[in-house]
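Taking it in order: structure first as structure tokens, then the write-up.
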Amino acid sequence: HGVWMANGVVEGRRDAWVNLVHYDDASAAVVAALRAPEVAGHVLLAAGAASTRGEICQAAAPVLGRPMPSFGTAGDLGRRYDCTKTRELLGWEPRYREFAEACAVWR
235 HGVWMANGVV EGRRDAWVNL VHYDDASAAV VAALRAPEVA GHVLLAAGAA
285 STRGEICQAA APVLGRPMPS FGTAGDLGRR YDCTKTRELL GWEPRYREFA
335 EACAVWR
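Just so you know, this note's numbering puts 303 at position 69 of the sequence shown, and the rest follows in order with no gaps.
As structure tokens, then:
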């Protein structure tokens with residue numbers, strides 16, 4: 235999102251879904267995984283609520299003091315992931331479930 239805002243151009247579609255997780259939440263999930271040796275293999279990690287590229291840029295623009303970028307029209311719509319199983323296995327919950335929530339803290 236920072237690169238998109240700095241460049242002023244997003245090559246992908248405005249309405250394409252992106253699954254994000256805040257750095258602090260990702261590190262907390264890793265610690266939870268290390269403390270749960272019974273959880274083996276791969277787990278899918280995302281904050282919980284996917285955002286579109288447009289929503290991400292709309293939330294980041296005022297924080298970064300940048301105008302909304304332009305968007306392309308190519309590409310697919312992305313995917314929305316449900317990480318309920320990961321949260322249950324690890325006993326972990328993200329502090330920031332949506333990108334806009336994390337941006338509000340930066341203001």
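Just so it is clear, CB atoms sit at the ideal spot from N, CA and C, and this is done for glycine as well.
In this text, all values refer to a predicted model and were calculated from it rather than measured experimentally.
Report the partner residues of residue i according to the DSSP bridge assignment.
i: Val252; result: Ser285
i: Gly246; result: Ala308
Looking at the unbroken beta strand (DSSP E) that takes in residue i, where does it start and where does it end?
i: Val273; result: Run containing Val273: none; DSSP gives neither H nor E here.
By the DSSP assignment, the alpha helix (DSSP H) with residue i in it spans what residues?
i: Leu324; result: Thr318 to Leu324
i: Met239; result: Gly236 to Asn241
i: Ala334; result: Phe333 to Trp340
Just to confirm, are residue i and residue j a CB contact at a threshold of 8 Å?
i: Ala280; j: Cys337; result: no
i: Trp326; j: Ala284; result: no
i: Arg331; j: Gly288; result: no
i: Ala293; j: Phe333; result: yes
i: Val264; j: Pro303; result: no
i: Gly306; j: Gly246; result: yes
i: Thr320; j: Val255; result: no
i: Gly309; j: Trp251; result: no
May I ask you to report which of helix, strand or coil DSSP gives residue i?
i: Pro303; result: coil
i: Pro296; result: helix
i: Ala347; result: There is no way to answer for residue 347, as the model of the chain reaches only from 235 to 341.
i: Ala267; result: helix
Measuring only from the beta carbon, is residue i closer than 7 Å to any heavy atom that is part of the ligand ADP?
i: Arg247; result: You won't find the ligand ADP in this model; it holds no ligand whatsoever.
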